[in-house]
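In what follows, a structure is listed as structure tokens, so that the remarks can point back to it.
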Amino acid sequence: MTNIRIIEKVGNNPGKTTIMITGVHGNEKVNVKLFDRIIPELRIDNGRVVFLYANLEAIEQNKRFIDINLNRAFIRELLDDEDNKLLEVQTAREIIPYLDNADYLLDLHSSNSPDSKPFVICEPQSFGLAKSMPCGLITFNWDEFEPGSTEYWMNLQNKVAMEFEGGYLGDSASGLRAEEALMNFLSLTGNINCAIRRVPNKKFLRIVSLYKNKESSFGKSREFADFEKLKEKTLIGTEGNKKVYADKGNILLFVRDREELDQECFLIAEEIDKENLLNIKEQDNLFKGGK
């Protein structure tokens, strides 16, 4: 029994194949509703667009996932294990043929945190297109620390791919941002003929470390805003009797309490200035020069 739903729309002219995904996390319903609303009325001019509802069971149960995080399931070791029957691993196996046959990927997400900010997750070959997403933050180097997403799988093939985090799912602006991201993306891939609104003044953040609790549960010292930049060396939390600090200038993401061992407790990022950003090679010439 399938755990995905596919809707394909084909233009009258040749063009690229783009895959748009929602529902990787089943409790992020705002983008599922966006697909429901926009697909019937959207006309594709060129190429082919595949709209994929992922993890139908998690969507039905309004849960982030059933067995494991689908955003960590696109790992060869998991996929090649024929005895691994976890729902999200089997779902990843269903999705992969569509990723392999696509030229571009946009995976839409939202957050349960009211203070969350919209941002893009991608790698340098996708920077040019990412500059046209409706947010002020582009983050990269996630694959080193949190592999296994749909975007990670596309990056292995050096394709243009990104996850767009639209912000707090309880904020109506999140759905509007997601719709703008979708339309801008399809315009730049050439699948639809429409104007885009570019969002200037992007900040680029590189993920530099991930803290996991290895010996005991982790408890955060206070509430931290996502992308909070520390003004001084700061106690982030405790792992048993061990105090865990981060340095002045560090940018924090997703600080979470964790009871089980070897869990993702928080990430640290650093801002990359324009001079250093120029030294990061943009491998996809098609989108160079985007603003």
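Throughout, this note's numbering is defined as the position within the sequence shown, counted from one, plus 564.
Positions of the beta carbon are idealized from the N, C-alpha and C atoms, including for glycine.
Cβ-Cβ distance between residue i and residue j below 8 Å
i	j	result
residue 769	residue 815	yes
residue 599	residue 617	yes
residue 680	residue 731	yes
residue 574	residue 608	yes
residue 544	residue 651	Nothing in the structure corresponds to residue 544, since the chain is present only between 565 and 855.
residue 628	residue 590	yes
residue 752	residue 674	no
residue 707	residue 719	yes
residue 777	residue 827	yes
residue 624	residue 671	no
residue 567	residue 655	yes
residue 724	residue 693	yes
residue 677	residue 726	no
residue 583	residue 663	yes
Euclidean distance between Cα positions of residue i and residue j
i	j	result
residue 811	residue 592	33 Å
residue 820	residue 687	25 Å
residue 766	residue 695	7 Å
residue 822	residue 641	25 Å
residue 744	residue 780	43 Å
residue 847	residue 653	Note that residue 847 scores a pLDDT of 40, beneath 50, so its modelled location is shaky; the value from the coordinates is reported in the next line. About 30 Å.
residue 569	residue 741	23 Å
residue 818	residue 630	21 Å
residue 796	residue 739	36 Å
Proximal residues to residue i (C-beta, below 8 Å), its chain only, five neighbours per side dropped
i	result
residue 802	782, 783, 785 and 808
residue 660	638, 643 and 717
residue 581	611, 612, 613, 614, 665, 666, 667 and 668
residue 747	756, 758 and 760
residue 772	705, 832, 833 and 834
residue 626	590, 591 and 593
For residue i, the three-state DSSP class (helix, strand or coil)
i	result
residue 593	helix
residue 841	helix
residue 697	coil
residue 749	helix
residue 786	coil
residue 606	coil
residue 710	coil
residue 587	coil
residue 761	coil
Sequence-distant residues of the same chain with beta carbon closer than 6 Å to residue i, five excluded per side
i	result
residue 683	699, 701, 703 and 729
residue 792	816
residue 635	588 and 713
residue 763	698
Paired residues, beta bridge with residue i - DSSP
i	result
residue 566	None, per the DSSP bridge assignment.
residue 664	Residue 664 is not bridged to any residue.
residue 718	Residue 718 is not bridged to any residue.
residue 671	585 and 727
Any chain D beta carbon closer than 8 Å to residue i
i	result
residue 671	Judged by its chain identifiers, the structure shown contains no chain D, having just a single protein chain.
Cutoff 7 Å; reference residue i; Cβ partners in own chain excluding five residues on either side
i	result
residue 798	809 and 810
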